[in-house]
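See below for the structure under consideration.
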Amino acid sequence: MPDIIFATSNAHKVQEVAAMLGVPWQVQGLKAYPHVQLPEETGTTFEANAILKAEAASAALPGVYVIADDSGLEVDALNGEPGVYSARYAGPDATDADNRVRLKAELSKLPPATFTGRFHCCLVLAKEGQTLHVTHGAVEGNLRLEEQGIGGFGYDPLFQPDGFADTFGVLPAEVKNQLSHRARALAEMKAWMEANLR
Ligand code: ITT
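Note that our numbering numbers the sequence shown so that position 41 is 31, with each residue one more than the last.
Shown next, in the form of structure tokens:
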């Protein structure tokens, strides 16, 4: 199978996708390619932003297959927020911890309830600046008002997937990597790549 360059600045995403794809796939992040700059995420959908990233990075990396991921958390009681703004929920330079603080603050303003939501992931495969394939995946769950665990990244310590009593911050990476939004989008992408790439 050809090598894949994962056009992301998020090392956690690279780690998850490399673990999920396994041998014979070789997945590399952008560390070795500092000249590749990801574009501003000006889209209003996960798909639009994933296409922007995949097409820009693959245009800058001729001859290789490039995957980009745009993902985030949608909370029903917040009308789908933070959504495509998940990485920037607490401001343009927000850390994951800052974003969790904002999410807890927003949920605390609402009458107590079971806060349902989902993680969504869009993956785009591109080559030479052209999109080849797009997949989506989601995992439904509930948002907690208190963090649980330190595993994963982003909103993981606040997100409890349906069917489990713990958050992704506590559940082992192997469990998250079987049922996550990213795992589901990647399973479809992997099947497509195995059928279409040589
Ligand atoms: P790149 O754009 O460089 O890929 P990013 O982290 O900025 O990195 P996104 O724009 O796709 O990526 O924003 C995704 C945000 O959504 C991420 O920063 C987290 O806050 C959240 N998120 C996505 N997937 C997640 C996951 O598996 N667990 C927890 N939070 C997640």
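Backbone N, C-alpha and C fix where the C-beta goes; we use that ideal spot for every residue, glycine too. Predicted model only: the values in this text are computed from it and were never measured.
Taken through DSSP and simplified to helix, strand or coil, V7 comes out as helix. In the three-state reduction of the DSSP assignment, G127 falls in the strand class. In this structure, G19 keeps its C-beta atom at 9 Å or more from the C-beta atom of D60.
Note that the segment 64 to 83 touches the segment 23 to 40; at least 3 beta-carbon pairs, one per stretch, sit closer than 8 Å.
In this structure, the straight-line span from the alpha carbon of G131 to that of L63 is close to 10 Å.
With respect to W182, T125 sits close: the two C-beta atoms are nearer than 9 Å. Residues of the same chain with a CB within less than 8 Å of the CB of V7, apart from the 5 flanking positions on each side, are F(-4), V17, I57, D59, R172 and L176 in chain order. Between C112 and N186, the CB-CB gap reaches or exceeds 9 Å. Per the CB criterion, closer than 5 Å to any heavy atom of ligand 1, the qualifying residues run in chain order as T(-2), S(-1), N0, D60, S61, G62, S76, A77, G144, Y145 and D146.
Assignment of L93 by DSSP, reduced to helix, strand and coil, places it in the helix class. Here DSSP, grouped into helix, strand and coil, assigns P147 to helix.
Counting other Cβ atoms within 10 Å of its Cβ, S98 stays below 16 and is therefore classed as exposed.
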